[in-house]
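Inspection log for the structure reproduced underneath, given as structure tokens.
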Amino acid sequence: MIYKTYGDLSMHAFLQNRNAELNRDIATLSKEMSTGKKSDLTAELGGDFSFLADIEDNLKRIDSQIVAANETELFAISMQGSLSRAHNGVREMRDDLLSLSTLTTPVEAERFSDQGRQELASTIGAFNTWSGGRSLFAGTATGTSPLNSADTLMTELVGEVSGLTDVADIIQAVKDWFDDPTGFDTAMYVGSTTDVSPVEIGDGDSASLSIRADDERLKHALQSFAILSLVNEPGVTISDQTKVDIVRASASELADSDLKLISAQADVGFVEEQLDRAKTRNEASKTSLSLAFNEIVLSDPYETTSRFEASQNQLEILYTVTARSSRLSLVNFL
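Each residue of the sequence shown is one higher than the last, beginning at 112 in our numbering.
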């Protein structure tokens, strides 16, 4: 029969407790090393999770604002691209017409008219552009192309100028139709008359891209090309001199369209700058909050590894001490 002294029993209990403690530490540290997170947030936060919850809520809000800003930026870039296409067409056509000589012939006038007809269709296509599955210039009717075809527009205008022979009268008839709510807005514009709602892109900051295809600045470009297109439009009967005079007058109309489209592009450019500023602020806020979150939740890899290795070394020493203690007890007994 083996007898143990109280000293032996105390040492045995101590070694068992220390062994269990070190194994728990190693298991905890191993988990922290694999997950990268602190194992006891309750102790870390003193049982109060409200601060951490507030950080997480703010991060979620900023993430949603970043997504909204990125989507709006894509929309703005696409809108700016469409306006640039229309603007380039207007400017090139204007420059061509301004360079006309005083000896312009009716045949040349008809050729410019045909080019104007092509630009009219191209500009309508630019204003019917979609991005990310949404129509750009249709207001809240983002599932609809906002404008009918160039053929529809010209058919309407042929009826408006029928019988007119004076250049000023023809141009005024076209302008009246574009201004009349029962004219362009009824026959050509099929988008919504409600602007897209502003998008929250930051705390107290929202962006609005509210340019529609029935915006007067966009309509003016279509109007200028339409006036030019009438020169060689079937169904319009005018003299050769009237054809030349309309082409010359179209240069002035296109010059006005150029300025109006610059204004529209400037509006979109303002929103693009607003988005850039908001994205910079959001990223800075996210970085700051993420650092605070990481400080609370994430473990220090270097510190965790050091503690893990220290616990392993202590456990190995404990095993050695335990083994020696067992042998000494046996020797004393013998």
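Note that the Cβ used here is the ideal one computed from N, Cα and C, for glycine as well.
Problem - Contact set for L441: own chain, Cβ-Cβ below 8 angstroms, skip 5 residues either direction - result: Because the pLDDT of L441 is 38, which lies under 50, any placement of that residue in the model is unreliable, and the number read from its coordinates should be weighed accordingly. Nothing meets the Cβ criterion.
Handout entry: Counted within 10 angstroms of its Cβ, other Cβ atoms place G200 as buried (16 or more) or exposed
Key = buried
Practice task
Let me know if V272 comes out buried or exposed under the rule of 16 or more other beta-carbons within 10 Å of its beta-carbon.
Solution key: buried
Handout entry: Limits of the unbroken alpha helix (DSSP H) element including G302
Key = Neither: G302 is in no alpha helix (DSSP H) and is coded neither H nor E.
Practice task
Measuring alpha carbon to alpha carbon, tell me which of S256, A220, R245 ends up nearest G236.
Solution key: S256
Problem - Continuous alpha helix (DSSP H) stretch holding S317: start and end - result: Counting along the chain, S317 falls outside any alpha helix (DSSP H), though it belongs to the beta strand (DSSP E) covering 316 to 318.
Practice task
Determine which residues share a DSSP beta bridge with G254 and list them.
Solution key: Paired residue(s): none; G254 is not in a bridge.
Problem - Which residues DSSP lists as bridging V242, in chain order - result: Sequence check: residue 242 is Ser here, not Val. BP columns for S242 point to R245.
Practice task
Quick one: residues in its chain with C-beta nearer than 7 angstroms to the C-beta of T353, no 5 flanking neighbours on either side, listed in chain order?
Solution key: T276, V278
Handout entry: CB of N239 within 8 angstroms of CB of M299, strictly
Key = no
Practice task
Let me know if I321 comes out buried or exposed under the rule of 16 or more other beta-carbons within 10 Å of its beta-carbon.
Solution key: In the sequence under discussion, the amino acid at residue 321 is Ser, which differs from the Ile named in the question. With fewer than 16 other Cβ atoms within 10 Å, it is exposed.
Problem - Cβ-based burial, I113 [other Cβ within 10 Å; buried from 16] - result: Any answer about I113 is weak, because its pLDDT of 49 lies below 50 and its placement is not dependable; what the coordinates show is given next. Exposed, because fewer than 16 other Cβ atoms sit within 10 Å of the Cβ of I113.
Practice task
Please indicate yes or no: does the CB of E394 lie closer than 7 angstroms to some heavy atom of the ligand SAM?
Solution key: As presented, the structure is devoid of all ligands, the ligand SAM included, so that no description of it is given.
Handout entry: In DSSP terms, what G313 is bridged to
Key = D316
Practice task
Verify whether the separation of the beta carbon atoms of L372 and A197 is less than 8 angstroms.
Solution key: yes
Practice task
Please work out which residues of its chain come closer than 6 angstroms, Cβ to Cβ, to E267, disregarding the five sequence neighbours upstream and downstream, and give them in chain order.
Solution key: A298
Practice task
Give the DSSP-derived three-state secondary structure of E394 in the structure shown.
Solution key: helix
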